[in-house]
Structures are given as C-alpha cells and as structure tokens.
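Student: The structure is given below, and queries will be raised subsequently.
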Amino acid sequence: PHLSFDVPMHDFGKMQRGDKASFVYKFKNTGKEDVVIELVSGCHCTTLEWPEGQTFKPGDTGEIKATFDSESEEGAVTKTIDILLENTDPKTGYQIIKEVKYKAIILD
Numbered sequence: 016p017h018l019s020f021d022v023p024m025h026d027f028g029k030m031q032r033g034d035k036a037s038f039v040y041k042f043k044n045t046g047k048e049d050v051v052i053e054l055v056s057g058c059h060c061t062t063l064e065w066p067e068g069q070t071f072k073p074g075d076t077g078e079i080k081a082t083f084d085s086e087s088e089e090g091a092v093t094k095t096i097d098i099l100l101e102n103t104d105p106k107t108g109y110q111i112i113k114e115v116k117y118k119a120i121i122l123d
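Oh and the sequence shown: position 53 is 68 in this note's numbering, straight run, nothing missing.
Dropping the structure here:
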C-alpha cells in the first residue's frame with residue numbers, strides 16, 4: 016500500500032502572528048491494493064480535514080486539508096502531519112504511517 020503526495024512539504028512563507036493559512040495536500044494511491052486512512056494528526060495549531068473511512072482503490076486520488084493557526088507560534092517553524100493507514104506493512108506487520116510537512120516564518 017502506498018500513497019504518493021504531489022507536494023509533501025508546503026512552504027507558507029512569512030506570516031504575521033495570528034494569521035491562519037490553509038493548504039490542500041493531494042495524494043494518489045500508487046500501490047496495488049486498497050488504502051484506507053484511519054487517522055490524520057498534527058499539532059494543536061493545525062486543523063485537519065480528511066476523507067475519513069473512505070477507501071482509495073489503486074489509482075484513486077484524494078485530499079487532506081491542513082489549516083495552520085500561527086497565534087501560538089514564533090520564528091521559523093516546521094510542522095509534521097502524520098497519516099495513519101488502516102493497512103499494515105506486509106513485511107513487518109506494523110501499521111503504515113505517512114508524513115507531510117509544512118513550514119512558515121512567523122513575524123510579530
């Protein structure tokens with residue numbers, strides 16, 4: 016099972032403290048079996064929207080929307096968003112986890 020992201024690292028650039036900005040991570044199931052996203056998680060400053068419970072067949076595409084609230088951040092920040100799949104790695108038996116990231120520079 017494999018999800019490929021068009022943009023695995025997004026740069027919001029310079030933001031004023033308190034600004035909110037959103038980005039949509041687009042992905043494609045480039046594997047040979049169905050994929051289901053179990054959970055998408057990030058830090059307290061990130062609101063996430065994803066297709067919960069949806070099955071993505073090989074070749075299917077989807078989106079995860081991340082909204083970053085810079086109110087409690089300062090300086091240069093880099094954040095990671097974890098994407099947990101219901102699928103397990105056939106070699107290890109462990110749950111598959113993918114990551115995307117974003118960065119920004121917060122100005123006062």
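Beta carbons are placed, not taken as given, at the ideal position from N, Cα and C, and that holds for glycine.
For a quick check, are the C-beta atoms of Gly28 and Glu86 less than 8 Å apart?
Tutor: Cβ distance not < 8 Å, so Gly28 and Glu86 don't count as in contact.
Student: Restricting to Cα atoms, I'd like to know which of Val50, Glu101, Ile98, Lys94 is closest to Thr76.
Tutor: Answer by Cα proximity: Val50.
Student: Only counting the same chain, and skipping five residues up and downstream in sequence, which positions put a Cβ closer than 6 Å to that of His17?
Tutor: Closer than 6 Å at Cβ, skipping near neighbours: Thr45, Gly46.
Student: Hey, Ile120 and Leu99 are a contact pair by Cβ (cut 8 Å); roughly how many whole angstroms apart?
Tutor: 29 Å between Cβ atoms; not a contact.
Student: Out of Val55, Tyr117, Cys60, state which residue places its alpha-carbon closest to the alpha-carbon of Glu101.
Tutor: Looking at the Cα atoms, Val55 is the closest of the given residues.
Student: Helix, strand or coil for Glu78? Go by DSSP, reduced to three states.
Tutor: Strand at Glu78.
Student: Select from Phe42, Glu53, Thr62, Pro23 the residue whose C-alpha is nearest the C-alpha of Lys35.
Tutor: The option with the nearest alpha carbon to Lys35 is Thr62.
Student: Express the C-alpha separation of Gln69 and Gln31 in angstroms, rounding to a whole number.
Tutor: Approximately 36 Å, taken between the alpha carbons.
Student: List the whole-angstrom C-beta distance separating Val92 from Tyr40, where the pair is believed to meet the contact cut-off of C-beta under 8 Å.
Tutor: Not confirmed; about 17 Å, so no contact.
Student: Kindly indicate the opening and closing residues of the beta strand (DSSP E) around Gly108.
Tutor: Segment: none, Gly108 is in no beta strand (DSSP E) and carries neither H nor E.
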